[in-house]
Amino acid sequence: MATLSIDPWSQTINALAACQADIAARTHVLAGGEKIRPKRVQARSSRGASIRLIERPTSTTVTVAWSDPTVGCFGNQTWRLTRARHAGVCAISGRLIGCGEEIYRPMCRPIPVNAKAMILAEVVAKFGWREGWNSLPAHLMNMG
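Residue numbers (my numbering): 2 to 145.
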């Protein structure tokens, strides 16, 4: 069974990059130089989350272990393949996700705290299921 885990150093670098992008996304400058902050930012990252792909039960589902110190642990979540309904950030690679892109997202009841999290389908397809593969390649961390 192949798993995906991100080492703590990569998570730290990813979180710092996402934080910087998050701050830039929240602040907009009007023509007169006045700064405004929108109430809600669509593209959010999964800072601090530890994410492991456990198995792929079907061609359209993956089982994910999600652990986040701010929202809790989900040891055996089913995520389904769908299309993004809004912009976001891939929880594994940190890449921006546009509307309509193929993603996996949690599909469980009751609705979990991480229900808006997304993983790009291409990340799962390309990197998630290789024999003996257990860490995120460095070049994937720089995608974006």
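Ideal placement from N, C-alpha and C gives every residue a C-beta, glycine not left out. If you're wondering where the values come from, they're calculated on a predicted model, not measured in any experiment.
Measuring only the C-alpha atoms, how far is Phe75 from Thr64? Residue mapping note: residue 75 aligns to position 74 of the sequence shown, counting from 1. Residue mapping note: residue 64 aligns to position 63 of the sequence shown, counting from 1. Cα to Cα, Phe75 sits roughly 10 Å from Thr64.
Leaving out the 5 sequence neighbours to the left and right, which residues in its chain are closer than 6 Å to Ser51 when beta-carbon positions are compared? On the sequence shown, residue 51 is found 50 positions in, with the first residue counted as 1. Annotation for Ser51: Ser68 place their beta carbon closer than 6 Å to its own, counting only its chain and skipping 5 residues before and after.
Thinking C-beta only, is Ile104 closer than 7 Å to Ala85? What you label residue 85 is simply residue 84 of the sequence shown in a count that begins at 1. What you label residue 104 is simply residue 103 of the sequence shown in a count that begins at 1. For Ala85 and Ile104, yes; Cβs fall inside 7 Å.
Measuring CA to CA, which of Leu97, Asn115, Met108 is closest to Glu123? Locating residue 123 in the sequence shown gives position 122, where the first residue counts as 1. Minimum Cα distance to Glu123 is reached at Leu97.
With a threshold of 6 Å on Cβ separation, who are the neighbours of Pro70 within its own chain once the five nearest residues in sequence on each side are excluded? Counting from one through the sequence shown, the residue named residue 70 turns up at place 69. Cβ within range, chain order: Gly49.
Identify which residue in Arg81, Thr61, Leu121, Ala116 has its Cα closest to the Cα of Gly73. Residue 73 sits at position 72 when you count from the first residue of the sequence shown. Considering only alpha carbons, the answer is Ala116.
Which residues does DSSP pair with Cys91 in a beta bridge? If you number the sequence shown from 1, residue 91 lands on position 90. Residue pairing by DSSP places Cys91 opposite Met119 in a beta bridge.
Start and end of the beta strand (DSSP E) containing Glu102? On the sequence shown, residue 102 is found 101 positions in, with the first residue counted as 1. The continuous stretches of beta strand (DSSP E) do not include Glu102, and DSSP gives it neither H nor E.
Check Val188 in the structure and name its three-state DSSP category. For residue 188 there is no data in the structure shown, the boundaries of the chain being 2 and 145.
Start-to-end residues for the beta strand (DSSP E) that takes in Arg81: On the sequence shown, residue 81 is found 80 positions in, with the first residue counted as 1. Per DSSP, Arg81 belongs to the beta strand (DSSP E) from 73-84.
CA-to-CA distance, Gln78 to Ala88, given in whole angstroms: If you number the sequence shown from 1, residue 88 lands on position 87. If you number the sequence shown from 1, residue 78 lands on position 77. Going by the C-alpha atoms only, they are around 22 Å apart.
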